[in-house]
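Enquirer: Going by this note's numbering, the sequence shown opens with residue 1, and the numbers climb by one from there.
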Amino acid sequence: MRRAVLLAALILVIALPASAHVGLEPAEVPPGKGVTLSFRIGHGCEGQATDAVSIQIPAGVTGVQPYPKAGWELEVERGTLPEPVTSHQQITEGVIRVTWKGGPLEDGHTDVFQLRATIHGEQGKTVYFPVVQTCGDLEHAWIEIPADGQGGHDHGELEEPAPSLVLAAGSGAADDHAGDHGDPGGSSGPDSVVIVALVLSVVALGVSLASATATRRGKS
Ligand SMILES: [Cu+2]
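Shown next, in the form of structure tokens:
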């Protein structure tokens, strides 16, 4: 009985981050470097399957290259950037929206939509990517941004928060403009973090089970 409760708790802890809303990894990226952003759709709309995912490119983001996905048609909208970006020269035009249409992605399944981009700005700045998820005639507009603009990943009370990341110092600060030309660095984060969390969870479960067993032995 106790073992089952522990197991349920463990599964809940692991399952929650993946299923809630729209995830964005990595949580922190170095400014001015090319990075791959992964947007994870955790569920459909009231049980209906997802058939479109549209990401609005916010101010300060250049060099956007979406990853094509089998079974999804890709639409890339170009236009005037929300704010000009100075990198080598002033950049005023670029990709302003990326949309994948197709699937469908069943409500109980999850999938990742990725794009390559360079994000410019001050360290510590939170950058929000509004996402609209469409499921037939239903949609989730993950476009809410905390009023103080400093929400980070603590989304507080927002019902449909826009996924976000924080600009933070990377190891390769010398690599200033490489990102605009497809620098492959900066992707060592999320997988190793997940693995460490998993290992810690399993260790914690093992300790709990061992102490539960020891307690039972002690009583009998
Ligand atoms: Cu959710």
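Where is the CB? At the ideal position from N, CA and C, for every residue including glycine.
Compute the beta-carbon to beta-carbon distance between residue 53 and residue 129, rounded to the nearest angstrom, for a pair I have assumed lies under 8 Å.
Expert: Residue 53 to residue 129, Cβ: 11 Å. No contact.
Enquirer: Distance, Cα to Cα, residue 103 vs residue 138?
Expert: About 15 Å.
Enquirer: Would you mind sorting residue 147 into buried or exposed? The rule is 16 or more other CB atoms within 10 Å of its CB.
Expert: So residue 147 ends up on the exposed side.
Enquirer: Under the three-state reduction of DSSP, which class applies to residue 107: helix, strand or coil?
Expert: Looking at residue 107 - three-state DSSP - the assignment turns out to be coil, as it is neither helix nor strand.
Enquirer: If residue 64 sits next to residue 117, beta carbons under 8 Å apart, how far is it from one beta carbon to the other, in whole angstroms?
Expert: Sure, about 5 Å apart at Cβ, within 8 Å.
Enquirer: For residue 97 versus residue 56, is the C-beta spacing smaller than 8 Å?
Expert: The answer is yes: Cβ separation under 8 Å.
Enquirer: Where does residue 52 fall in DSSP's three states?
Expert: Strand at residue 52.
Enquirer: Can you tell me whether residue 34 is buried or exposed? The criterion is at least 16 other CB atoms within 10 Å of its CB, across all chains shown.
Expert: Per the 10 Å Cβ criterion, buried.
Enquirer: Would you kindly work out how many angstroms separate the C-alpha atoms of residue 107 and residue 92, rounded to a whole number?
Expert: Cα-Cα distance, rounded: 38 Å.
Enquirer: Is residue 42 a contact residue of ligand 1, with contact defined as CB to any heavy atom under 7 Å?
Expert: Checking the Cβ of residue 42 against ligand 1 gives yes.
Enquirer: Less than 8 Å between the beta carbons of residue 61 and residue 165, yes or no?
Expert: Going by C-beta atoms, residue 61 is not nearer than 8 Å to residue 165.
Enquirer: Are the Cβ atoms of residue 50 and residue 115 separated by less than 8 Å?
Expert: The answer is no: Cβ separation not under 8 Å.
Enquirer: Where residue 95 and residue 44 are concerned, what is the direct C-alpha to C-alpha distance, given to the nearest angstrom?
Expert: The alpha-carbon atoms of residue 95 and residue 44 are separated by roughly 26 Å.
Enquirer: Which residues mark the beginning and the end of the beta strand (DSSP E) in which residue 162 is found?
Expert: It is not in any beta strand (DSSP E) - residue 162 carries neither H nor E in the DSSP assignment.
Enquirer: Let's test the definition: count the other Cβ atoms within 10 Å of the Cβ of residue 40 and tell me whether it reaches 16, buried, or not, exposed.
Expert: The residue is buried, with at least 16 neighbouring Cβ atoms inside 10 Å.
Enquirer: For residue 134, which residues does DSSP report across the bridge?
Expert: In the DSSP output, where bridge partners are listed per residue, residue 134 has 52 and 139.
Enquirer: Go ahead and label residue 23 buried or exposed: buried means 16 or more other beta carbons lie within 10 angstroms of its beta carbon, across all protein chains shown.
Expert: Flag for residue 23 reads buried.
Enquirer: Using a threshold of 8 Å, state whether the C-beta atoms of residue 84 and residue 90 are closer than that.
Expert: Cβ atoms of residue 84 and residue 90: closer than 8 Å.
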